[in-house]
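Each remark here refers to the structure printed beneath this line.
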Amino acid sequence: MSFTRDDTIAAVATAVAPGEGSVAIVRLSGPQAEAIGRRLFVAPGAQAWDSHRVLYGHVVDPDTGERIDEALLLLMRAPRSFTREDVVELHCHGGLVAVRRVLEQVLAAGARRAGPGEFSQRAFLNGRLDLTRAEAVSQLINARSRRGAQLAMAGLDGGLQQRLNPLRSRLLDQLAELEARVDFEEDLPPLNGAAVTGELVAVLQQLELLVAEARQGALLRDGLRVAIIGRPNVGKSSLLNRLSRRERAIVTDLPGTTRDLLESELVLEGVPLTLLDTAGIRDTADPIEQLGIERSRAALAAADAVLLLFDLGSGWTAADQDLLDQVPEGAPLLIAGNKADAAGVPAGLQDPAAPGSAGPDGSQPVVCCSALSGAGTEVLVQELLRRCGATVSQGLQLALNDRQRDLAAAAAASLGRALEAADQQLPWDFWTIDLRAAVRALGEITGEEVSEAVLDRVFSRFCIGK
Ligand SMILES: Nc1nc2c(ncn2[C@@H]2O[C@H](COP(=O)(O)OP(=O)(O)OP(=O)(O)O)[C@@H](O)[C@H]2O)c(=O)[nH]1
Ligand SMILES: [Mg+2]
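Just so it is clear: in the sequence shown, position 27 is 27 by my numbering, and no numbers are missing.
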């Protein structure tokens, strides 16, 4: 597939922040890229404008001759560039002002401001990347943990494409056989229905595996929001500080210290977590505390996982049970007893049925820890991740993103329907409708069968300049 656009796009490709980043890159792509570069960039001496060579010089305002920045220019002529178009990169000084002025000059000279992901979209449309690789670029940029970045890199290396293409082509083979029978049944040798369904079942199993792995991958990619919930003074803020390894939240011995939600981002065992410290939940007349408690309840309802903390000194009380009853059904939950040091309870994982343990009724083992000393907090993290299914994902090599997972699930559902048609011994054309839908869904993952509207949606989630 080749695609030419007659306009030239430009954007700052690096993060723009005041006083940060010593180098910023303004990137241009399109037929005018070199001409615009030559208009704005003055390279002293006899430096040649060769492709893939760096020039040293200044970006100037062509009308006044004013030097805007000292810079390097890198020209990459088509097709040997990321977009397969002529690309010019101006490596300027970082920060805010100079780089914005350089971009303004580039736009004034005839380039158009690039939309989010537009460089990648051109790379895709020009056949430089398939859609799974293009999406992996975006995932790599947005990765919040080393494991998330490794998964993205596997996608960028083409791992997803390599896993999906054979599935799609196996379905296409079966579809071709079936469609031939629809049109020329008499002229062809009889079709072995069992062999066809055998292939469909095999592909269906692979798709189901990919969908299951995608859930694991989402944990590593997007992480989890974990709400720390409990009565006042049980040590929620102390635990947040301990796990974040800094004094993030205010801790006092007064119940009702935390009034607002406090978030802390961290990576534990390779999984990005957003921990939410919440106001201790109790009946109170204080209107500010009441507002905080409302936020705690909202966080409890919306979190991906709940860490319910209680005080081992006072043991499991009716108020703790009341909070447990409010945990949404299906949310991964860990109950942890804190202040093990003061209560003389050994830290670690404990069976609530064990004699002397202060855990709640029920079969869930509780973790006993001390936010003060740190004892038991490692077990707590591991147990929390295990209940969220995140520990299974450590060996994961590849994962579909949400868009890809929905399409793989849709393909699996279509195959399921095709198999039902087979089961009911319906005529061939009943099989082909669903089989064709499955092939189309897989083609939408890799970009072989994808509409412009879908592409716009995919690339609009990218950052500007990528
Ligand atoms: N001995 C002991 N004291 C602790 C431990 N964790 C917290 N504390 C103390 O318990 C008191 C309350 O701690 P916080 O972390 O503020 O408790 P909280 O649950 O955030 O309380 P609210 O914000 O009021 O809901 C403080 O005096 C802490 O020093 C622990 O593991 N052992
Ligand atoms: Mg607190």
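All C-beta atoms, glycine included, are put in the ideal place defined by N, C-alpha and C.
In the three-state DSSP reduction, N241 falls in the helix class (H, G or I).
About 5 Å separates the beta carbon of I229 from that of L308, a gap short enough to meet the 8 Å contact definition. Every alpha helix (DSSP H) of 4 residues or more that sits fully in the stretch 115 to 169 is shown, in chain order, as 118 to 125, 131 to 142, 146 to 156. For E177, the three-state secondary structure derived from DSSP is helix.
By the 16-neighbour rule on beta-carbons within 10 angstroms, T64 is exposed.
Going by DSSP, I9 is part of the beta strand (DSSP E) stretching over 9 to 12. Bounds of the beta strand (DSSP E) holding P272 are 271 to 277.
C-alpha of V54 to C-alpha of G21: approximately 20 Å in a straight line.
Sequence-distant partners of L188 (beyond 5 residues in either direction) whose C-beta falls short of 7 Å from its own C-beta, in its chain, are A180, R181. Ranked by how close their Cα comes to the Cα of S373, the residues T317, G344, G395 have G344 in first place.
For ligand 1, a non-hydrogen atom lies closer than 7 Å to the CB of V251. V196 is positioned such that its CB atom lies no closer than 8 Å to that of L167.
The alpha helix (DSSP H) runs lying completely inside the stretch 415 to 463 and spanning 4 residues or more are 428 to 446, 452 to 460, given in chain order. The alpha-carbon of W428 is positioned some 36 Å away from that of F124.
Here L210 has L400, A408 as same chain residues with Cβ atoms under 7 Å from its own Cβ, once five neighbours each way along the sequence are excluded. In the structure shown, Q216 falls within a helical segment according to DSSP collapsed to helix, strand and coil. Only exposed fits F184, as fewer than 16 other CB atoms lie within 10 angstroms of its CB. D311: member of the beta strand (DSSP E) spanning 305 to 311, first to last residue. Ranked by Cα distance from R147, the options A114, G158, D130, Q216 are led by Q216. Per DSSP, the unbroken alpha helix (DSSP H) holding I36 starts and ends at 33 to 40. For V23, the enclosing beta strand (DSSP E) has its first and last residue at 23 to 29. In the three-state scheme derived from DSSP, where H, G and I count as helix and E and B as strand, G230 is classed as strand.
Secondary-structure assignment with DSSP links C92 through a beta bridge to A24.
For A336, the enclosing beta strand (DSSP E) covers residues 333 to 338.
Per the C-alpha coordinates, the member of A46, C92, N192 positioned closest to A13 is C92. Between the stretch 221 to 236 and the stretch 277 to 284, the count of C-beta pairs closer than 8 Å reaches three or more; the two stretches touch. Sequence-distant partners of V137 (beyond 5 residues in either direction) whose C-beta falls short of 7 Å from its own C-beta, in its chain, are S120, L156, K466. Per DSSP, the beta bridge partners of E265 are T274.
Counting the other Cβ atoms within 10 Å of the Cβ of T252 gives fewer than 16, which makes it exposed.
Counting only runs that start and end inside the stretch 359 to 409, the beta strand (DSSP E) elements of at least 3 residues fall at 366 to 368. Take R67, set aside five residues on each side of it, and the residues of its chain with a beta-carbon closer than 7 Å to its own are H58, V60, in chain order. By DSSP's assignment, L72 forms a beta bridge with Y56, H91. Going by C-alpha positions, L75 is about 50 Å away from T432.
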